[in-house]
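Only one structure is covered here, and it is reproduced in the block below.
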Amino acid sequence: MTTVESSLSLSLDRLAQAAARPAENVEALKTIVARVHSRLKVQENGGNGPTCLKNAREKKNLVDMLFYKGKCNKICQDYIATCNQKDQLFILKRNSDVHTRMDTLSCLVSSEKMALDYLVRVIEHCRDPPLVGSVCALLHDALSPSNKGDLRNTVIQTCLSLNAAEVILRTLKALSAEGLAVIDPCIHPAYQVLAKLASKDPKLAVKARLVGGVKLTHQLLQAHMKNCVPLLPLLMVTKYLAKNSTNQVMLGKDGCVATLVSILSSVPKTHWAKIKFIMETLALLTKATNVSPRLAAIVRANGQKLQALLNYFFESNVIRLVRETGLQRVLSILDAWEKIERRHQVKVIKGILGTLSHMCDSKHGRKAVVALNGVEITQRFIQSCPADKKFDNNLANATNVFLKCISKGELPVSSSWGAFTFQVPNREGSETSSDRSREATPGVDVDSSDEEAEEEIEDEEEDFELSQDFKGIDLASDYCPQKPRMEELVKLAHLFPELFNFRIASGTRFKEVAVPIRRGALNDVIPESHNERYIRASDCTRSIINFVKVAYPDMVGARGPSHLEELYEKDRRVCRNKAIATVERVLHPEVYMERVVYDLDYLLESEHSRHLITPSSNTSRSLGNWDEKRVGKRDASVTHLNFESRFESGNLRRVIQASNTEYDLILNADVNSSHHHQWFYFEVSNMEPHTPYVFNIINNEKPNSEFNYGMKPVMFSVCEAMKGRGAWVRTGVDICYHKNHYSRIPKSHDNVRFKKSVNKCYYTATFTVTFPHAYDVCYLAYHYPYTYTQLQAYLNKHDSIERASDIFYSNQSLCHTLNGNPVPLLTVTTKENVKEKEVIFLTARVHPGESNASWVMEGILDFLLTDTAASRLLLQNFIFKIVPMLNPEGVIHGNQRCGLTDEDLNRRWRAPSPSLHPTIYGAKSLLEYLRSISKQKVRVFCDLHGHSRQKNVFMYGCSRMQSWWLGDKEFLDHPDFMLLPRLAQSCMATFSLRDCHFQIERTRESTARVAVWRQFEIPMSYTMEASTCGCDQGPYKNYHLSPKQLQESGEGFCVSLSYLISTPEALNSRLRLNSDRLECHMRVVAERSLGDFTQEVAFWSGDLDDDLDTDDDLDLDLYGPV
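If you're matching positions, the sequence shown starts at 1003 in the working numbering and goes up one per residue.
In structure tokens:
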């Protein structure tokens, strides 16, 4: 051991001894800390440096690079040999400094010396401010970015594990009891350390509040407003404290807004780092939605009684900023944004726009912004915003502010309600959610923030519906085993023919329609074509409007392509242009044509357009398709595209021509609703060759979409099909999803909800399509359609297939929908030992807009109904009860989420109505029968869905330990609750275990997954979600999921089920392989490139406050150039 190392070791030993009683060894500790700090402190060498280098910083960086890891190789030696004597001396000294610093840091983090533990202990128990300042200064230099590598990370992690930040705040609070002046010697180094640790400790804001650090920080900020030395770290820490919603209220009440405005007025205009943190803190304090969740729940429960209180908490900081005239200063900086120092430009503007965005979320703030010419200033920034990628988010946020301030335009339709309605029987005067929405009256504009809870699995609106449904619910009584409805359940015996000698009762079959038998010249039977089978099945489909045709791709059984299709790589320049175009369209509406070229409301009231699709000579009510006769023929009577959506699953309400090649499309709402716009499916014709057409779907409701992350719509060309290439293909360029200026009708269920929804806008999904052929007939859709008639045709085909004698397959009618369409119930198993088998219960398509769920279900049925060794193994061990389409009415009428009652049927499983929700009531009754009558165990329940905002295939399950209800946590989780997802990870190429979750949320209690898990005690109760977009992992990474991959997912799901009957050894072996695959997958997650669109700029959809400073930015502000 060298003399220097011995001296350091001795100092650390003395530190350990003195730290045992810090109050008695203050002077000794000061000496020890100063000694250690002198070895650690960064040595800045004066002078001009080596003559061969441009400046001292370049010299120092090069030397550190050469010597930091002891890489003094021949290149380094050759370089040193070329230097003069002065430079050589500098290099050797610098090398010595580096090694000394690194040796000192190594000793500090050594587990044997525990030096950091003793230093934190000194801070905690010492009441001498200069000593506390010395220790904090030592820690600050230990955290310096000049200490590169693992050692610095170890220092950070050790400080976090020791709660160093909390200890510092507690000590400062105790010392300040005698007056703030007492702690002046330690404020600067202490808050430097806090600023660095705050970015690493997500709980610091809560810890600081509990020890009184929030108020202390604000007091120090007030006391040192004009003291440049500690001001910057104080502002940094204030920003991190303000990220907590309760702290925001506390700081606002304490006058922090006025303090920040005063600092902003007095700080020199060149101190951009300070201005940056002031702006970011103001953006947090004015964030309208950040109110205590408990308080928000109380307010919602009490309605108008606490409305004034809610208004105060939401608007208080906004009002304070206006009252303190801070808004003028904020807008003046934005107006002269070019003068901001380049390094801080993006972040300062981001903070300003965040503040303005939150200001505009309230009526008071919006009026103030408009009165101070904020709209014009924002508009000028949009028009002059640099094309640099760094400014993309700022441009998006500026557009967001602009759209919040302007007067909203009404959606150009006659009514916000859908184009057709259905008279719901047996409603008995009860209100639908839509009825309640009509009666809501707007009040004070409390909050219209666009930062909706889009990280949730479903929409926030659905969550609110369910929370209303659960007022007064008592899980302990509602879900205890209740006396079953024996008399009613016994009547369901006909739906379990496998339990009664496989006899299918007369009149219970799904379809008993005579199939016409055609014979050829030799009297041989000619098989029915798919077209004929589909047309015949469509005759049995009942709709509440008169369809005018059968869609060609449905009739011919179109599927996806045989090849993989890559995800779309978004062009940021296109999104920028869309942002600017949105503003220009608001400012100059007269430039656009605004000519209506398709109006479903008008067509449903007249017969004027039927001749466009159906030949006038056709008098039969039976639908058909004549698209092949129309291909290549130009409609000379018009100079625009022709549209049509009056066919099964079609959805397009109105088309407005904006220019010769641009069209605004308005989607139809769900039946009896004014909401749920996402699914589209329509025909377009009369296109010119080689012409790019722009389609803007302008009434989407969700603030984000997979259209921003690589998804393309699908297109089918009749002309291509006539050439033998009939398939749905992904299409479109210049794809973007963004906010527009049309006012969105709030979906509210009480006044509070309505007030939170005022001033919201619709969103536009825009894409450009160049059709492959002139005067073709093409179809565009959100996803690959799968109609109710297609399901009928598929089942009719399988009904006619002769099966092995030991295989039992039945296709019965579970019930009828409100409009009289039968709901299929399939039973598949083998005929031996039926009563001893467990049941696999599968459902799908409760949400009609999730057509991908039907493609997965078809893959499952293909696997089970094909006689193979694998399928036979499953059928020998399980009975499969399958309801492949729970919401036929929604599918038939092109709905996105509901049926005919404007209710989400997946929110009715807790207490379904037999008259309003017959499919859910019937499916749940089957489960009750299995539990109470036949006494058969349901091993797996799985409800198939599609997900529109996430990639891959994944599952949601139920874990007691992750439940919202404390009663669940009194019992341990069943060991199998994660079993099927773990098996699926190894059996399905599209599956992602990391995307699964097993939370039981209060707002999900009436979903199929949770209600079945809770009421029927089925531990393996799941929702399986398939992305409408594609995958970001596995063999299909960066590719769309087509029907082929979705069907493969269904087959893989069945393979996963087969492992449930494996021996324990085989099951454990499969799970080990799964663990290895998952570990490998997690290692490559960070390597995602094109498929990882979460790193892309999502225009009008990002959270303004989530983009924290990077470590490099923070280090540069704290430590300066190193």
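For each residue, glycine too, the CB sits at the ideal point set by N, CA and C.
Using the Cα positions of R1574 and D1390, report the straight-line distance between them to the nearest angstrom. As a working mapping, residue 1574 is identified with position 572 in the sequence shown. As a working mapping, residue 1390 is identified with position 388 in the sequence shown. One C-alpha to the other measures close to 10 Å.
7 Å CB neighbourhood of S1264 in its chain, flanking five on each side removed: Within the sequence shown, residue 1264 is the residue found at index 262, counting from 1. M1227.
Leaving out five residues on either side along the sequence, give the residues of the same chain with a beta carbon under 8 Å from the beta carbon of K1837. By one-based count along the sequence shown, residue 1837 stands at place 835. Correct list, in chain order: L1501, S1936, Q1938.
Chain-order list of residues whose beta-carbon lies under 8 Å from that of P1774 (same chain, five-residue window excluded): As a first step, residue 1774 must be located in the sequence shown, where it is residue number 772. Result list for P1774: S1719, C1721, E1722, in chain order.
What residue does the beta strand (DSSP E) around Q1814 start on, and which one ends it? Residue mapping note: residue 1814 aligns to position 812 of the sequence shown, counting from 1. Per DSSP, Q1814 belongs to the beta strand (DSSP E) from 1809-1818.
Could you check whether the stretch 1818-1836 touches the stretch 1888-1901, counting it as contact only if at least three pairs of C-beta atoms, one from each stretch, sit closer than 8 Å? yes
Exposed or buried, R1984, counting other C-beta atoms within 10 Å across all chains shown (16 or more means buried)? The residue you call residue 1984 lines up with position 982 of the sequence shown. R1984 should be labelled buried.
Can you name the residues that DSSP bridges to F1993? What you label residue 1993 is simply residue 991 of the sequence shown in a count that begins at 1. DSSP lists V1955 as the bridge partner or partners of F1993.
According to DSSP, N1698 sits in a beta bridge with which residue or residues? For the purposes of this step, residue 1698 is taken as the residue at position 696 of the sequence shown. DSSP, once it has assigned bridges, lists D1666, T1768 as partnering N1698.
Taking just the CA atoms, how far does Q2001 sit from I1881? Numbered from its first residue, the sequence shown carries residue 1881 at position 879. Numbered from its first residue, the sequence shown carries residue 2001 at position 999. Those two C-alpha atoms are separated by around 29 Å.
State the DSSP-derived secondary structure class of C1128, mapped to helix, strand or coil. The count along the sequence shown starts at 1 and reaches residue 1128 at position 126. C1128 falls in the coil class under three-state DSSP.
Distance between K1369 and T1380 (C-alpha atoms, nearest Å): Looking up residue 1380 in the sequence shown gives position 378. Looking up residue 1369 in the sequence shown gives position 367. Cα to Cα, the separation comes out at about 15 Å.
Roughly how many angstroms separate the alpha carbons of K1175 and V1585, rounded to a whole number? Translated into positions along the sequence shown, residue 1175 becomes position 173. Translated into positions along the sequence shown, residue 1585 becomes position 583. Using only the alpha carbons, I get a separation of about 50 Å.
With 16 other Cβ atoms within 10 Å as the buried cut-off, status of V1735: Here residue 1735 corresponds to residue number 733 of the sequence shown, with the count starting at 1. Exposed is the call here.
By a C-beta neighbour count over all protein chains shown, 10 Å radius and 16 as the cutoff for buried, is P1694 buried or exposed? To locate residue 1694, count along the sequence shown from 1; it is residue 692. Counting Cβ neighbours within 10 Å, P1694 comes out exposed, since fewer than 16 surround it.
Would you kindly work out how many angstroms separate the C-alpha atoms of N1149 and V1157, rounded to a whole number? Working through the sequence shown from its first residue, we reach residue 1149 at position 147. Working through the sequence shown from its first residue, we reach residue 1157 at position 155. The straight-line gap from Cα to Cα measures roughly 10 Å.
Thinking C-alpha only, which one of I1699, S1624, Q1194 is nearest R1655? If you number the sequence shown from 1, residue 1655 lands on position 653. Nearest of I1699, S1624, Q1194 to R1655, Cα basis: I1699.
Could you name the residues of the same chain whose beta carbon sits closer than 7 Å to that of I2020, not counting the 5 residues immediately before and after it, in chain order? On the sequence shown, residue 2020 is found 1018 positions in, with the first residue counted as 1. If we look at I2020 and ignore the five residues flanking it on each side, its Cβ neighbours are V1940, F1943, V2014.
Where D1363 sits in the DSSP three-state scheme: In the sequence shown, counting from the first residue as 1, residue 1363 sits at position 361. Coil at D1363, not helix or strand.
Sequence-distant residues of its chain with Cβ nearer than 8 Å to K1410 (five each side left out): Numbered from its first residue, the sequence shown carries residue 1410 at position 408. Closer than 8 Å at the Cβ level, and outside the excluded window around K1410, lie H1743, Y1744, S1745, N1761, C1763.
Do you know whose CA, among Y1594, Y1604, S1647, A1022, lies nearest N1662's CA? As a working note, residue 1662 is residue 660 in the sequence shown. Taking only the C-alpha atoms, the option nearest N1662 is Y1594.
What is the DSSP secondary structure of V1134, reduced to helix, strand or coil? Numbered from its first residue, the sequence shown carries residue 1134 at position 132. If DSSP states are grouped into helix, strand and coil, V1134 belongs with the helices.
Considering only the alpha carbon of each residue, which of V1848, H1273, K1209, V1269 lies closest to A1244? Numbered from its first residue, the sequence shown carries residue 1244 at position 242. Of the listed residues, the one whose Cα sits closest to A1244 is K1209.
For the beta strand (DSSP E) that contains V2012, what are its first and last residues? The sequence position of residue 2012 within the sequence shown is 1010, counting from 1. Premise fails: V2012 lies in the alpha helix (DSSP H), 2010-2018, not in any beta strand (DSSP E).
So the candidates are R1578, E1703, A1018, W1339; which of them puts its Cα closest to the Cα of P1395? Taking the first residue of the sequence shown as position 1, residue 1395 is located at position 393. For clarity, residue 1395 is Asn in the given sequence; the question names Pro instead. It is R1578.
At the level of alpha carbons, what is the spacing between D1465 and T1102? As a first step, residue 1465 is located in the sequence shown; it is residue number 463 there, counting from the start. As a first step, residue 1102 is located in the sequence shown; it is residue number 100 there, counting from the start. A caution first: D1465 carries a pLDDT of 43, below 50, which makes its placement in the model too unreliable to give a value.
Within the continuous beta strand (DSSP E) that includes V1942, where are the two ends? Within the sequence shown, numbered from 1, the residue matching residue 1942 stands at position 940. Segment 1940-1949, the beta strand (DSSP E) holding V1942.
I'd like the list of long-range same chain contacts for S1873, defined as Cβ closer than 8 Å, with 5 residues on each side in sequence excluded. Taking the first residue of the sequence shown as position 1, residue 1873 is located at position 871. Hits under 8 Å: F1865, L1866, L1867, C2056.
8 Å contact criterion, which L1816 and T1921 should meet: CB distance rounded: Here residue 1816 refers to the residue found at position 814 when the sequence shown is read from its first residue. Here residue 1921 refers to the residue found at position 919 when the sequence shown is read from its first residue. Contact holds; Cβ gap of about 7 Å.
Taking Cβ to Cβ, would you say N1908 is nearer than 7 Å to T2009? The count along the sequence shown starts at 1 and reaches residue 1908 at position 906. The count along the sequence shown starts at 1 and reaches residue 2009 at position 1007. Yes.
Status (buried if at least 16 other CB within 10 Å, exposed otherwise) for R1487: For the purposes of this step, residue 1487 is taken as the residue at position 485 of the sequence shown. R1487 is exposed by the Cβ-count criterion.
Just reading off the beta strand (DSSP E) that Q1159 is part of, what are its end residues? Working through the sequence shown from its first residue, we reach residue 1159 at position 157. That residue, Q1159, is in no beta strand (DSSP E); its alpha helix (DSSP H) goes 1152-1163.
Assuming L2043 contacts G2032 (C-beta within less than 8 Å), just tell me the rounded distance between them. Locating residue 2043 in the sequence shown gives position 1041, where the first residue counts as 1. Locating residue 2032 in the sequence shown gives position 1030, where the first residue counts as 1. The Cβ separation is near 5 Å, so the contact holds.
Would you kindly report the start and end of the unbroken alpha helix (DSSP H) that includes D1394? The residue you call residue 1394 lines up with position 392 of the sequence shown. First-last of the alpha helix (DSSP H) with D1394: 1394-1407.
Of the residues S1687, A1539, A1197, L1828, the one placed nearest K1631, counting alpha carbons only: Position 629 of the sequence shown, counted from the start, is the residue given in the question as residue 1631. Of the listed residues, the one whose Cα sits closest to K1631 is S1687.
For K1704, name the three-state secondary structure that DSSP assigns. Taking the sequence shown and counting its residues from 1, the one referred to as residue 1704 is at position 702. K1704: coil per DSSP, three-state reduction.
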